[in-house]
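Report on the structure given below.
There are 2 protein chains.
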Amino acid sequence: MTDNTHQQFMAAAIALSKQAIREGRGGPYGAVVVKDGAIVGRGMNEVTSVNDPTAHAEMTAIRQACEQLGSWNLAGCELYTSCEPCPMCLGAIYWARVDKIYYGNTKEIAARFGFNSQYFYDEVAKAREDRQIAMVLLMPEDAITAFEEWEQQRDRQSY
Amino acid sequence: MTDNTHQQFMAAAIALSKQAIREGRGGPYGAVVVKDGAIVGRGMNEVTSVNDPTAHAEMTAIRQACEQLGSWNLAGCELYTSCEPCPMCLGAIYWARVDKIYYGNTKEIAARFGFNSQYFYDEVAKAREDRQIAMVLLMPEDAITAFEEWEQQRDRQSY
C-alpha cells in the first residue's frame, strides 16, 4: 500500500473522531478496519450516547468488520485508529487477530486532554490481588466442571 | 449479601458457561451482573457463533446490564464470572466502574484447558514497540486536532 493510501485511511479515522464530538456521540475517537485496500468496518466512540462502556471506536469498527466479513477472525486486516488503544480495545484487536495497528495520537497526548488510559494499563498489569477493583475467587470446584465438559466435546470449536 | 446469595449468582454464571458449550454458542464462559441483589445482565461466550471476537461473557453481561439500567456506569454493581477475565473484559469492567469481581476459575486453570489469557496479559503489559502486533504512529499532527476541538466544546460529557 502506498503512504498516500495509509494516510487516507488514517484521515478517515480522524474524521470519525471529529464526527463523534460534533454529533454528541461520545469522546473524540474514530477507527476503521481495512482489508485489501478497502474499509470494511468503521467506528466512533459512542459510550455516553448509547450507554455502552464497550462502545469504543476500535471495538465498533472490529465488530462491524466481523459482521461484514462473516468471521470473528480479522487476520489480513489492519486497524487505523485516531488514538492508541486502551487495554480493552487492544485485547479485542488481539482476539480478532488484526495484523497491524496504525494510531494517530499516543496515550500520552490523550492524557494531556484528560483521557488517562495509562491507569487502565497499570491496573491490568497488576497482580489480581493488588487491583483497585477487588477480585474474589468463588466456587472454583464448581467452575472447573465447565472446562472439563468442554474438553469432552468432540465437536468443540477452538479459537 | 449472604454467602448463599453470592453462591447463587456464581452458580448462575457457571450455568451460563455450560449453556454456551451445550448450545454451541462458544467457549465455556458465563457471567452475570448483579445490582441490589438482582441479576441485571447475563452473558455467555458467543464468539464463534455470532462471529464477534468481543462477544465474551463479561462483555455481553455488561452491555446487557447497561441497557437494562440505562447507563454506561455500573457503579454499585458486582460481576460474577465463571473465569478470571481477560484484559479486554477487565478493561471493560474498569470502564463500566463495576464495584467488585467474583470469579470461578483462575486464568491458570483456564490455561490447562487451552485458554491462554496470560499471552494477552503479557502483550498488553509490553511497551508498544515490543508487541507481537506492530503499532505504527501515523499523522499525529492531524490526529491531535480532534482532542483540541473536544477541549473547546462547552457541553462535552466527560466520563
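For the protein sequence lines, the chains are A and B, in the order given. Residue numbering for the first sequence follows the numbering used here, starting at 173 and increasing by one per position. Residue numbering for the second sequence follows the numbering used here, starting at 173 and increasing by one per position. Where a beta carbon is used, it is the ideal one built from N, C-alpha and C, also for glycine.
- Message: Assess contact between the region 208 to 216 of chain A and the region 199 to 212 of chain B, defined as three or more Cβ pairs (one per stretch) separated by less than 8 Å. Is contact present?
- Response: no
- Can the beta-carbon of residue 252 of chain B be found less than 8 Å from the beta-carbon of residue 203 of chain B? yes
- Query: If we call anything under 8 Å between Cβ atoms a contact, is residue 176 of chain B one with residue 244 of chain A?
  - Reply: no
- Task: Mind checking the region 267 to 282 of chain A against chain B and listing, in chain order, the residues whose C-beta falls within less than 9 Å of any C-beta there?
- Result: 267, 268, 269, 270, 271, 272, 273, 274, 275, 276, 277, 278, 279, 281 and 282
- Count the other CB atoms, across all protein chains shown, that sit within 10 Å of the CB of residue 140 of chain A; report buried if there are 16 or more and exposed otherwise. Limits of chain A in this structure are 173 at one end and 331 at the other, which puts residue 140 of chain A out of reach.
- Task: Check the Cβ-Cβ distances between residue 288 of chain B and every residue of chain A, and say whether any is below 8 Å.
- Result: no
- Item | Distance, residue 220 of chain B Cα to residue 192 of chain B Cα | 11 Å
- Message: Suppose contacts are defined by Cβ-Cβ distances below 8 Å. Is residue 263 of chain A in contact with residue 292 of chain B by that definition?
- Response: yes
- Query: Quick one: what does DSSP say residue 243 of chain B is sitting in, helix, strand or coil?
  - Reply: coil
- Query: If contact means a Cβ-Cβ distance below 8 Å, which residues of the region 246 to 265 of chain B contact chain A?
  - Reply: 246, 252, 254, 255, 256, 258, 259, 260, 261, 262, 263, 264 and 265
- Item | Amino acids of chain B, ordered along the chain, whose beta-carbon sits closer than 7 Å to that of residue 307 of chain A | 273 and 275
- Own chain residues within Cβ distance below 8 Å of residue 248 of chain B, not counting five before or after: 207, 208 and 271
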